[in-house]
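*Asks:*
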Amino acid sequence: MKSLIPILGIMLSVSVVFSCKKHSGDEGSNGTVLSKIIVRGSSNLPSGSIEVNKYYYDAQNRITGFDYLYGDAAKDESGAKYVSTTKWFYKGDEQLPYKYTQFKDSIFVNEMYFFYDNQGRLATDSFLPNVTHTSYTIRQYNWYVDKLMIISAIHAMGTIAMRTDSFQINNHNVLAQFGTSYPLGQGIPATYYTYDNNINPIHALNIHAAIPLGNLGGINNNGYSENNPTEMKTGFIPLFGGPGGYTPAGTLTYKYNYNEHNLPVDCEATGDGNIVGSLKTNFYYTTLIR
């Protein structure tokens, strides 16, 4: 069985950089600017895990980064320890970032560069996972009316591995995701999503175009989708067909409470089938001082 924690894993955890804008100090549930996310879930820790993600902005309301902390839920937020820092970078007054760089204890971990098309959509990104740069990944994004295809070239030790992922999109949400086949011919991974009509906090950020299909700082959603998922079904499609053509593996169900601005205040995710465990996420908002 799969644990819920890896499935809801954070793709990017980022932190404070110079020239950060301060918030008003009234951190709570009724603001409009995302300031912090706390995720509590089951893990191998005695009382479960806690993840804390703190967000920072500049004078142009652009994300400059966030801090990622992790620890034992029994100690609550005070027991979460620093894990990593990632800084986002911009060219002049542009709203779209051109790269992020991640550090742990001031040591370089990885960085990613972003390139956009003339509609402000991500066209290509490149990921460098370590300081030696002996391996890297380049992804090409191909946008269609109702579909997005991502072709990845993974370079490592003089070899290149190719991967193709496709996404069905409609009404500004990702409805389905299909990946490269599993090892040993188990089938093609398939994930299906159902949404509500409320605001996805990631999509409200200026960096959402840079992470159209990635999780960010404790939110189990992507930058492309405008709304929040209420259900995620995982499974696989047999490589050579078969009865039904789809084998379910597990389902995640999400329940939210929202503030007056239609932004989530909290979310509880529970899994069944091969997805076990539960997560409780609390969202905190504030008002930026101009």
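Adding 6 to a residue's 1-based position in the sequence shown gives its number in the working numbering.
Each residue gets a CB set at the ideal place from its N, CA and C atoms; glycine is no exception.
Quick caveat, the model's predicted, so the values are computed rather than measured.
1) Between the stretch 100–108 and the stretch 116–124, do at least 3 Cβ pairs fall closer than 8 Å?
2) Between which two residues does the beta strand (DSSP E) harbouring I160 extend?
3) Taking E232 as part of the beta strand (DSSP E), name the residues at either end of that continuous run.
4) In whole angstroms, what separates the C-alpha of A275 from that of G47?
5) I'd like to check one pair, A196 with I243: are the Cβ atoms closer than 8 Å?
6) Measure the C-alpha to C-alpha separation of I44 and Y88 and round it to an integer number of angstroms.
7) Going by the DSSP bridge assignment, what does D78 pair with across the sheet?
8) Alpha carbons only, please: which of D99, I281 and N234 is nearest the one belonging to T257?
9) From D152, M168 and N124, pick the residue whose C-alpha is nearest to that of F144; which is it?
10) Rounded C-beta distance between A255 and G241? I'm assuming under 8 Å.
11) Taking Y62 and T70 to be in contact with their CB atoms under 8 Å, please state how far apart those CB atoms are, rounded to whole angstroms.
12) Using CA coordinates, which residue listed in Y122, Q174 and L269 is at the minimum distance from N204?
13) Express the C-alpha separation of S158 and Y290 in angstroms, rounding to a whole number.
14) Just tell me which of S141, D171, F133 and H161 has its CA closest to the CA of N148.
15) Are the beta-carbon atoms of N212 and E232 separated by less than 8 Å?
16) Count the other CB atoms, across all protein chains shown, that sit within 10 Å of the CB of V180; report buried if there are 16 or more and exposed otherwise.
17) Taking the continuous beta strand (DSSP E) assigned at T5, which residues delimit it?
18) Since N170 sits in a beta bridge, which residues does DSSP pair it with?
19) Alpha carbon to alpha carbon, how far is H214 from F184?
20) To the nearest angstrom, report how far apart D131 and K239 are at their CA atoms.
21) Quick check on DSSP: helix, strand or coil for S112?
22) Would DSSP call A196 helix, strand or coil?
23) What residue does the beta strand (DSSP E) around A182 start on, and which one ends it?
*Replies:* Based on what the coordinates show:
1) Yes: at least three Cβ pairs fall under 8 Å.
2) Position 154 of the sequence shown, counting from 1, holds the residue named residue 160. I160: member of the beta strand (DSSP E) spanning K153 to A162, first to last residue.
3) Here residue 232 corresponds to residue number 226 of the sequence shown, with the count starting at 1. Per DSSP, E232 belongs to no beta strand (DSSP E) and is neither H nor E.
4) Position 269 of the sequence shown, counted from the start, is the residue given in the question as residue 275. Position 41 of the sequence shown, counted from the start, is the residue given in the question as residue 47. When rounded, the separation of the alpha-carbon atoms in A275 and G47 is 9 Å.
5) The residue given as residue 243 occupies position 237 in the sequence shown. The residue given as residue 196 occupies position 190 in the sequence shown. Their beta carbons are under 8 Å apart, which means I243 touches A196 by this criterion.
6) Numbered from 1 along the sequence shown, position 38 holds the residue referred to as residue 44. Numbered from 1 along the sequence shown, position 82 holds the residue referred to as residue 88. Answer to the nearest angstrom: the Cα atoms are 14 Å apart.
7) In the sequence shown, residue 78 corresponds to position 72, counting from 1. Beta-bridge annotation (DSSP): D78 is paired with S55.
8) Counted from its first residue, the sequence shown places residue 257 at position 251. Checked all of D99, I281 and N234; the closest Cα to T257 is I281.
9) For the purposes of this step, residue 144 is identified with residue 138 of the sequence shown, where counting begins at 1. Rather than Phe, the amino acid found at residue 144 in this sequence is Ile. For the residues D152, M168 and N124, the minimum Cα distance to I144 belongs to M168.
10) Position 249 of the sequence shown, counted from the first residue, corresponds to residue 255. Position 235 of the sequence shown, counted from the first residue, corresponds to residue 241. Between G241 and A255 the Cβ distance is about 5 Å, and since that is below 8 Å, they are a contact.
11) Walking along the sequence shown from the start, residue 62 turns up at place 56. Walking along the sequence shown from the start, residue 70 turns up at place 64. Rounded to whole angstroms, the Cβ separation of Y62 and T70 is 5 Å, and the two are in contact under 8 Å.
12) Your numbering for residue 204 matches position 198 in the sequence shown. In terms of CA proximity to N204, L269 leads the group Y122, Q174 and L269.
13) Position 284 of the sequence shown, counted from the first residue, corresponds to residue 290. Position 152 of the sequence shown, counted from the first residue, corresponds to residue 158. Y290 and S158 have their C-alpha atoms roughly 35 Å apart.
14) Taking the first residue of the sequence shown as position 1, residue 148 is located at position 142. Nearest to N148 by C-alpha distance, out of S141, D171, F133 and H161, is D171.
15) Within the sequence shown, numbered from 1, the residue matching residue 212 stands at position 206. Within the sequence shown, numbered from 1, the residue matching residue 232 stands at position 226. No. Outside cutoff.
16) Counting from one through the sequence shown, the residue named residue 180 turns up at place 174. Classified as buried, V180 has 16 or more neighbouring CB atoms from the shown chains inside 10 Å of its CB.
17) The structure shown does not extend to residue 5, since the chain is modelled only from 7 to 296, so the question has no answer here.
18) Here residue 170 refers to the residue found at position 164 of the sequence shown. Checking the sequence shown, residue 170 turns out to be Thr, not Asn. According to DSSP, T170 bridges with I157.
19) For this step, residue 214 is matched to residue 208 along the sequence shown. For this step, residue 184 is matched to residue 178 along the sequence shown. Each residue's alpha carbon lies about 21 Å from the other.
20) Mapped onto the sequence shown, residue 131 falls at position 125. Mapped onto the sequence shown, residue 239 falls at position 233. Inter-residue distance for D131 and K239 is about 28 Å (C-alpha atoms, whole angstroms).
21) Reading the sequence shown from its first residue, position 106 is the one you call residue 112. In this structure, S112 counts as coil in the three-state DSSP scheme.
22) Here residue 196 is taken as the residue at index 190 of the sequence shown, counted from 1. The answer is strand: DSSP assigns A196 an E or B state.
23) To locate residue 182, count along the sequence shown from 1; it is residue 176. In this chain, the beta strand (DSSP E) harbouring A182 covers N179 to F184.
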